[in-house]
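Engineer:
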Amino acid sequence: MYKVLTLNNISLAGLERLPRDKYEIASEIGHPDAVLVRSTKMHEMEIPDSLKAIGRAGAGVNNIPVDKMSDQGIAVFNAPGANANAVKELVLAGMLMGCRNIGPAWDFARSVEGTDAEINKAVEAGKKNFGGFELPGRTLGVIGLGAIGRNVANMALQLGMRVVGFDPGITVEGAWQLSSEVEKAGSMDELVSKVDFITFHVPLVDATRNLINAERLKMMRDGVVILNFARNGIIDDEAVSAAIKAGKVYAYVCDFPSNLLKDHERVVALPHLGASTVEAEENCAIMVAEQVRDYLEHGNIRNS
Ligand code: MLT
44 MYKVLTLNNI SLAGLERLPR DKYEIASEIG HPDAVLVRST KMHEMEIPDS LKAIGRAGAG
104 VNNIPVDKMS DQGIAVFNAP GANANAVKEL VLAGMLMGCR NIGPAWDFAR SVEGTDAEIN
164 KAVEAGKKNF GGFELPGRTL GVIGLGAIGR NVANMALQLG MRVVGFDPGI TVEGAWQLSS
224 EVEKAGSMDE LVSKVDFITF HVPLVDATRN LINAERLKMM RDGVVILNFA RNGIIDDEAV
284 SAAIKAGKVY AYVCDFPSNL LKDHERVVAL PHLGASTVEA EENCAIMVAE QVRDYLEHGN
344 IRNS
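Per the working numbering, residue 44 is the first one in the sequence shown, and the count goes up by one each step.
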């Protein structure tokens, strides 16, 4: 029997790929052959000698000490692309939240009290503060053209936006899956200077930390909407906070709360919901469970 330790809620659809006559699966288990994990940070965990494989039910692997695992001969699998549609849809929501002021407008609407007549009067007076702008004809910059970035770029074209992308590491296959209407920027600096919205779909590594800092914010168009549904740390919160105060940034929508930004009216911060849909959780769990199973049973490593 192979023993599989689940560190977070892993969708049943994935666990069902590990047949019960061959696999014992539990959230507490001694001598596991494999770990299936979503968000638990594994850096401080004691790694059992029995461990052969880790499956991360998501795209990013920054909660796993990948180099250390490789040194110990432990294979790490992830699920690139499996949650791309879910993230894309939330990015669309984020763009609309940003340009239509949905966060502050909702706060305002909720705060209005009184009789129906009083509420109507207050709402009529207050709504002028929440007017916004529309997507068609605006330019979206997409940093990172992996599965999620490509999905976002292709969707934005369908919405009538102009799209500029930047990814020095795009694969040939990735380039084929990207609409030819997406303009390619030669550099980050070139991209940031010509967009109305900018969205990030890159992992957090040394090269992407503080990719957006005070200097790059200065290069941006006035009234830019910034979206970060990737990782906290890619954008320098302090610099964004200053740029919002200065009126340079129209809105910042991100998928993780931040102490520094939470009191800004023009910030919407979500609790890392990008991949939190039934479909994405199933897709991710299936993708990693199958990879872990193929590795344990046949030693196969496939690049999903
Ligand atoms: C990812 O890396 O794909 C996301 O962080 C997934 C998640 O929310 O678990």
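C-beta: ideal position from N, C-alpha, C; glycine also.
If you draw a straight line from the C-alpha of residue 282 to the C-alpha of residue 235, how long is it?
Structural biologist: 15 Å
Engineer: Is residue 225 helix, strand or coil when you go by DSSP?
Structural biologist: Of the three classes helix, strand and coil, the one that applies to residue 225 here is coil, per DSSP.
Engineer: Mind checking which residues open and close the alpha helix (DSSP H) that includes residue 77?
Structural biologist: No alpha helix (DSSP H) holds residue 77; the beta strand (DSSP E) holding it covers 77 to 80.
Engineer: By DSSP's criteria, residue 67 is part of a beta bridge. Which residues make up the other side?
Structural biologist: 46
Engineer: In angstroms with no decimal places, state the Cα-to-Cα distance between residue 71 and residue 114.
Structural biologist: 25 Å
Engineer: Let's test the definition: count the other Cβ atoms within 10 Å of the Cβ of residue 69 and tell me whether it reaches 16, buried, or not, exposed.
Structural biologist: exposed
Engineer: Just to confirm, is the Cβ distance from residue 267 to residue 47 under 9 Å?
Structural biologist: no
Engineer: Can you list, in chain order, the stretches of the beta strand (DSSP E) that have 3 or more residues and sit fully within the segment 224 to 259?
Structural biologist: 240 to 243
Engineer: Between the C-alpha atoms of residue 314 and residue 107, what's the straight-line distance to the nearest angstrom?
Structural biologist: 20 Å
Engineer: Between the segment 203 to 222 and the segment 160 to 175, can you find at least three pairs of beta-carbon atoms closer than 8 Å?
Structural biologist: no
Engineer: Output yes or no for whether 9 Å exceeds the beta carbon distance between residue 183 and residue 242.
Structural biologist: yes
Engineer: Just confirm the distance between the C-beta atoms of residue 76 and residue 93, as a whole number of angstroms; I'd bet it's less than 8 Å.
Structural biologist: Rounded to the nearest angstrom, the Cβ distance from residue 76 to residue 93 is 6 Å, consistent with a contact under 8 Å.
Engineer: Could you tell me which residues DSSP pairs with residue 296 in its beta bridges?
Structural biologist: 270 and 311
Engineer: Go through its chain and collect everything with a Cβ distance to residue 254's Cβ below 6 Å, but skip five positions before and after it.
Structural biologist: 277
Engineer: Quick check on the DSSP output: the alpha helix (DSSP H) that includes residue 151 runs from which residue to which?
Structural biologist: Per DSSP, the unbroken alpha helix (DSSP H) holding residue 151 starts and ends at 145 to 154.
Engineer: With a CB to CB cut of under 7 Å and the five nearest residues on each side skipped, what residues in its chain are close to residue 195?
Structural biologist: 131, 134, 185, 242 and 244
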